[in-house]
Amino acid sequence: MAGKKIFVGSLPPNIDDLTLRGEFAKYGQVEDIYIKPNCEPTRQWAFVTFATAEQAQFAKESCDRILTLPGATGPCDVMLAKNQGMFGQEPLGGGGPAASTAPKKIFVGSLPDGIQEAPLRAEFGKYGTIEEVFLKQGCESGRQWAFITYVTHEEANYACESTNGLIQFQGAARPCEVTLARNQGMFGQSPLGNEASQAHAAGGVRYADPGAGTTASPSVAAPRKCFVGSLPDWITEDMLRAEFSRFGEIVEVFIKQGCEPGRQWAFVTYASHAEAQLAKESCDRILTFPNWDRPCEVTLARNQGMFGQESLNGGGRSAPAPAKTGTVAGAAGDGPRKIFVGSLPDGVSENDLRAEFSRYGHVIDVFLKAGSHSGRHWSFVTFATPEQASQAKTATDRVLTFPGSLQPCEVMLAKNQGMFGQSPIGGGGAAPPAAAA
339 MAGKKIFVGS LPPNIDDLTL RGEFAKYGQV EDIYIKPNCE PTRQWAFVTF ATAEQAQFAK
399 ESCDRILTLP GATGPCDVML AKNQGMFGQE PLGGGGPAAS TAPKKIFVGS LPDGIQEAPL
459 RAEFGKYGTI EEVFLKQGCE SGRQWAFITY VTHEEANYAC ESTNGLIQFQ GAARPCEVTL
519 ARNQGMFGQS PLGNEASQAH AAGGVRYADP GAGTTASPSV AAPRKCFVGS LPDWITEDML
579 RAEFSRFGEI VEVFIKQGCE PGRQWAFVTY ASHAEAQLAK ESCDRILTFP NWDRPCEVTL
639 ARNQGMFGQE SLNGGGRSAP APAKTGTVAG AAGDGPRKIF VGSLPDGVSE NDLRAEFSRY
699 GHVIDVFLKA GSHSGRHWSF VTFATPEQAS QAKTATDRVL TFPGSLQPCE VMLAKNQGMF
759 GQSPIGGGGA APPAAAA
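In this note's numbering, each number is its position in the sequence shown, counted from 1, plus 338.
Now the structure itself:
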C-alpha cells in the first residue's frame, strides 16, 4: 500500500498535537499524530498520518527542509515513514514482520579505540529506544566499529541523519560514519531481503559469507568493485593494495591514466561483495592518503566489468568505458547528475557545499568557480545519481540560504554535465569547448 504516514524530525522541544495539526492540516485530513516522548532537546520527532497517500506526499514535498516551527533551531526534516502501522511497526507493503523489510540496525564506524558500550548507549539513545549494542572486538587501531539496533526503523534512520559525519567521540581522529547496516540479523548475519549471497559481519576483519563457495555470474552477482575518487596525483597500485587489502582479497586494481591534477581515480575489485561493502563503509570520506588534502570518495562502482564496462544487472550488454576526462560521468542516457548553484556568498568553501548538499545524496565532486565577482559566486555539485541531483534541486532552489548571503541560492540541473560543464546533456558527439570562465 502507499504510505499515508510522514516522519517529521527537528521539531522544537515543546511541540504539541494542536500545533502539528494546525500546520499539517493545510495539506489534507490529518487522522493521527504521534509525538515521540522523552526526546533530547533539538531531537524531537513525530509521526503525522493523513487520510490518503497523496496528502502525505503533498505535505512531504511542501515542508521538507522548508517548514520551520516556532522554537525550532532549523527547518523540519519531513519524509514518508517506511513503517506505516501504529508507532511504525507495520512496514510499507505489509505481508511480513517489519524487521525483514525495514532496517533497524545502524553501523557506526570511526569510533575511538577503547570505547565502551555505555557512551554509545548514552549518545545514540537520544534518537530512540536501543535494543542492542554490538561492539566489534579486536579491531585494528583507528578501525573500531559497532552495530546499534533500535526498536523501529524510523529511530534508526533518524540516528543516521542526525549523526553521520557530525558526531565525534572523545579520542577519535574523525567524526563517525553512521549508516543503516546492510545486514540486519544478530551480529549482522541476516541480510535485508534474505539474499543468501549476502555477507555477515561477525568474526574477523573480512565480512565474507562462511557458506559461500562459488561466485555467481557477473550479470547477477552483488557488486565487488569499488570506485575510489579524490586520490593523490602520485597514487600507485602498491599504495592502493596496501590500504584496501585490509578489507579483503583484492582481485584487480585499475588506476585511470591521464587524469587532470586533483581528479585521479581508480577501481579496486574484491573477491566478494561483502569485502567491497566493508571497504566502502570503512573508507568513504574517511581515508586520506599521506600528504593529500582531502579524504577519498569510495562507492560501489555502478559498472562492474573490466574497467567498469559491464553494468550491474547487465544481461550481456556492456556500458561505455569511463570518460577520458578523468571523471566517471554516466552515459548520456543516465540523466543529469550535476547541479548548478548560484548566488553563493563570498567566502563559501567546498566543505560548506559538501556539508549542505550531502543531505540529498552522495556528492562525487564539487567545482567552485574561482575569481567570481562579489555576490556572484557559483558552483557545480555532482551527485552519484540523477535522482539525488533532482532531489537536491527540488529541496533547495530559492529555499537554501548560506550564512553571509543576502538571498537564497538558485539551484538547477546543469545543462552541461561533463567536467567543468563541457559535455551537454544528450551527448552524441564530441563535447563542445569549455565555456569561458
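C-beta: ideal position from N, C-alpha, C; glycine also.
None of the values given here were measured: they were computed from a predicted structure.
What residue range does the alpha helix (DSSP H) around residue i cover?
i           : result
residue 377 : That residue, residue 377, is in no alpha helix (DSSP H); it is neither H nor E in DSSP.
residue 360 : 355–362
residue 621 : 611–621
residue 568 : Run containing residue 568: none in the alpha helix (DSSP H); it sits in the beta strand (DSSP E), 563–569.
residue 740 : Counting along the chain, residue 740 falls outside any alpha helix (DSSP H), and DSSP gives it neither H nor E.
residue 461 : 455–462
residue 694 : 688–695
residue 582 : 575–582
residue 500 : 491–501
residue 343 : Looking at the DSSP string, residue 343 is not in any alpha helix (DSSP H); the run it does join, the beta strand (DSSP E), is 343–349.
Compute the beta-carbon to beta-carbon distance between residue i and residue j, rounded to the nearest angstrom, for a pair I have assumed lies under 8 Å.
i           : j           : result
residue 483 : residue 507 : So it is not a contact: roughly 12 Å between Cβ atoms.
residue 636 : residue 622 : 4 Å
residue 509 : residue 450 : 4 Å
residue 394 : residue 418 : 6 Å
residue 362 : residue 397 : 6 Å
residue 587 : residue 608 : 6 Å
residue 591 : residue 612 : Actually they do not touch by this definition, with Cβ atoms about 19 Å apart.
Using C-beta distances below 7 Å, list every residue in its chain close to residue i, excluding the 5 sequence neighbours before and after it, in chain order.
i           : result
residue 733 : 402, 403 and 698
residue 300 : The chain is shown from 339 up to 775; residue 300 falls before or after that span and cannot be answered.
residue 465 : 381, 493, 496, 497 and 500
residue 408 : 350
residue 454 : none
residue 462 : 468, 486 and 497
Exposed or buried, residue i, counting other C-beta atoms within 10 Å across all chains shown (16 or more means buried)?
i           : result
residue 364 : exposed
residue 561 : buried
residue 441 : buried
residue 580 : exposed
residue 384 : buried
residue 411 : exposed
residue 675 : buried
residue 341 : buried
residue 360 : exposed
residue 753 : exposed
residue 715 : buried
residue 347 : buried
residue 504 : exposed
residue 415 : buried
residue 589 : exposed
residue 338 : Past the boundaries of the shown model lies residue 338; the chain is included only from 339 to 775, so the question cannot be answered.
residue 545 : Because residue 545 sits at a pLDDT of 28, beneath the cut-off of 50, its placement in the model cannot be relied upon, and the following sentence gives the value as read from the coordinates. Buried is the call here.
residue 352 : exposed
residue 479 : exposed
residue 356 : exposed
residue 711 : exposed
residue 460 : exposed
residue 572 : exposed
residue 400 : exposed
residue 693 : exposed
Just to confirm the assignment, what range does the beta strand (DSSP E) spanning residue i have?
i           : result
residue 517 : 515–518
residue 678 : 676–682
residue 602 : 602–608
residue 482 : 482–488
residue 443 : 443–449
residue 849 : This structure cannot speak to residue 849, because the chain is shown only from 339 to 775.
residue 396 : Careful: residue 396 lies outside any beta strand (DSSP E), inside the alpha helix (DSSP H) at 391–401.
residue 698 : First-last for residue 698: undefined, no H or E at that position.
residue 716 : 715–721
residue 371 : 368–373
residue 467 : Note, residue 467: premise wrong, no beta strand (DSSP E); not H, not E.
residue 748 : 748–751
residue 415 : 415–418
residue 637 : 635–638
residue 593 : 588–593
What does a CB cutoff of less than 6 Å around residue i pick up in its chain, not counting 5 residues either side in sequence?
i           : result
residue 467 : 489
residue 706 : 688 and 717
residue 354 : none
residue 283 : Outside the displayed range of the chain (339 to 775) lies residue 283, so it cannot be described from this structure.
residue 720 : 675, 676, 702 and 703
residue 568 : 632, 634 and 635
residue 514 : 446, 448 and 505
residue 726 : 698 and 699
Got a sec? Which residues, its chain only, sit under 8 Å from residue i by beta carbon, not counting five neighbours each side?
i           : result
residue 638 : 561, 563, 564, 565, 614, 615 and 618
residue 739 : 745, 746 and 747
residue 729 : 698 and 699
residue 369 : 342, 387, 388 and 389
residue 512 : 448, 506 and 624
Counting contacts by CB-CB distance shorter than 9 Å, is residue i in contact with chain D?
i           : result
residue 733 : Going by chain labels, chain D is absent from the structure shown, which holds only one protein chain.
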